[in-house]
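Following: one structure in structure tokens, then a few remarks.
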Amino acid sequence: MKQYSVGNQHSNSRSLLFPLLSSQMTQLMASGNQTMVTEFLFSIFLHPQRGGLSFFIPLLLIYGFILTGNLIMFIVIQLDMALHTPMYFFISVLSFLEICYTTTTIPKMLSCLISEQKSISVAGCLLQMYFFHSLGIAEGCILTAMAIDRYLAICNPLRYPAIMTPKLCIQLTVGSCFCGFLLVLPEIAWIATLPFCGSNQIHQIFCDFTPVLSLACTDTSLVVIVDAIHAVEIVASFLVIALSYIRIIMVILGMHSTEGRHKAFSTCAAHLTVFLLFFGSVAVMYLRFSATYSVFWDTAIAVTFVILAPFFNPIIYSLRNKDMKEAIGRLFHYQKRASWAGK
């Protein structure tokens with residue numbers, strides 16, 4: 001572990017620029033000789049190195065599938081005019097976000113599984129937390145927008161084309177990303193001012209707020225307020241989506257056409273599955289009543305929304321979607337014809 005001793009004096013300029021950090025440093029010096037942590041170790045990856053490869057290969061295959069599946073969906077939706085609808089637009093955005101979301105954590109996990117280096121710098125940890133949570137919030141907002149889109153399409157079909165315009169879809173997407181990248185920034189900026197000393201082992205598969213804050217050698221009670229804000233965000237999104245689908249189901253059940261009812265149910269079932277998989281695991285992780293879950297359960301829950309949810313998304317939205325399967329078939333058929341024409 002890389003460490004450096006906290007000096008006995010601080011420059012006035014540093015105190016002016018970083019007053020909070022300077023006061024915390026002063027408290028640490030007063031308590032005796034302390035050393036500041038400059039990198040964190042992922043304790044979960046420190047155990048049996050012989051089994052690293054047995055986890056590395058499946059995780060690499062899953063990551064490859066996530067990248068390939070979501071990239072194919074994104075490209076197909078962009079190229080196929082038949083899929084230029086609000087619903088598929090949001091699915092393409094979700095696919096792009098999934099690629100970025102998994103790339104913030106899985107490559108580092110793969111590296112820790114086969115490398116002797118099981119650590120991450122403090123700066124790298126802060127960046128990972130920022131992008132992971134920003135992209136996660138953006139995904140949650142996109143899922144909320146998708147629920148509203150389905151609500152309007154099924155419950156208000158006559159006004160749907162006039163309401164859900166391409167301009168509104170872009171505005172909702174930009175707003176979702178803006179919301180995600182802005183909301184997490186104050187918390188990350190605050191954590192960046194905290195001193196870390198003593199133990200540097202993170203008991204999680206990636207950098208997350210609670211495991212990192214538990215290593216800070218200062219008062220972190222402010223995080224309760226931040227957690228409450230995040231809880232409100234999760235609950236608000238959950239309620240919007242849940243109420244939308246309750247209303248959708250009521251309308252579907254009242255349809256006279258069996259074919260129309262089946263098509264509406266199949267479309268909404270895909271969204272509901274992704275919604276429950278993503279929000280269910282996130283809610284269990286961040287809306288807990290106890291902060292002392294075992295490392296095993298923390299890891300299992302994290303794997304669900306970090307790895308499994310992005311893994312199932314391409315399956316749910318492509319293999320179980322007739323329009324997507326036909327569009328993928330058309331794209332590969334066109335590419336095959338183009339290659340034969342080139343010869």
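If you're matching positions, the sequence shown starts at 1 in the numbering used here and goes up one per residue.
Built from N, CA and C at the ideal position, the CB exists for glycine as well.
Please read these numbers as outputs of a predicted model, since none were measured by experiment.
Residue range 119–121 is occupied by the beta strand (DSSP E) that includes Ser119.
The Cβ atoms of Thr144 and Ile241 lie closer than 7 Å to each other. Secondary structure of Ala216 (DSSP, three-state): strand. Counting only unbroken stretches of 3 or more residues, no beta strand (DSSP E) element lies wholly within the stretch 126–181. Beta-bridge partners of Phe278 (DSSP): none assigned. Collapsing the DSSP output to three states places Glu116 in coil. Annotated three-state conformation of Cys100 is helix, per DSSP. Of the residues assessed, Ile170 falls on the exposed side of the cut-off, its CB having fewer than 16 other CB atoms within 10 angstroms. According to the DSSP assignment, Phe40 belongs to the beta strand (DSSP E) that extends over 39–42. Bridge pairing for Ile202: Phe42 [DSSP]. Taking Ile44 as reference, the option from Phe311, Pro310, Ser294 with the minimal CA-CA separation is Ser294. 7 Å or more divides the Cβ of Glu39 from the Cβ of Ser92. Per DSSP, Tyr317 is not a residue of any alpha helix (DSSP H), being assigned neither H nor E. By the Cβ neighbour-count rule, Ala270 is buried, with 16 or more other Cβ atoms within 10 Å of its own. In the displayed model, Ala192 falls within coil according to three-state DSSP, outside both helix and strand.
For the options Leu287, Cys197, Ala216, Val251, the alpha carbon positioned closest to that of Ala236 is the one of Leu287. The residue among Asn156, Ala123, Ala283, Pro310 with its C-alpha nearest the C-alpha of Asp298 is Ala283.
Under the 10 Å beta carbon count, Asp149 is surrounded by 16 or more other beta carbons and is classified as buried. The Cβ-Cβ distance between Leu41 and Gln201 falls below 7 Å. The C-alpha of Ala327 lies about 19 Å from the C-alpha of Phe65. Below 8 Å, enough C-beta pairs join the stretch 91–106 and the stretch 133–140 to call them touching: three or more. Per DSSP, the unbroken alpha helix (DSSP H) holding Ala300 starts and ends at 295–303. Of Glu233, Tyr63, Leu172, the smallest CA-CA separation from Pro86 is found for Leu172. The closest CA to that of Leu60, considering only Leu113, Leu83, Ile75, is found on Leu113.
Here the alpha carbons of Leu213 and Arg261 stand approximately 49 Å from one another. If you check the CB distance, Glu187 and Val226 come in under 7 Å. If you ignore the 5 residues before and after Phe89, its C-beta comes within less than 6 Å of the C-beta of Cys169, all in its own chain and listed in chain order. The beta-carbon distance between Met36 and Pro195, rounded to whole angstroms, is 6 Å. This is short enough to meet the 8 Å contact definition.
Each residue's CA atom was taken as its position, placing Phe178 and Phe238 some 19 Å apart. Inclusion of Gly180 and Ser134 in the CB contact set at 7 Å is warranted, their separation being smaller than that value.
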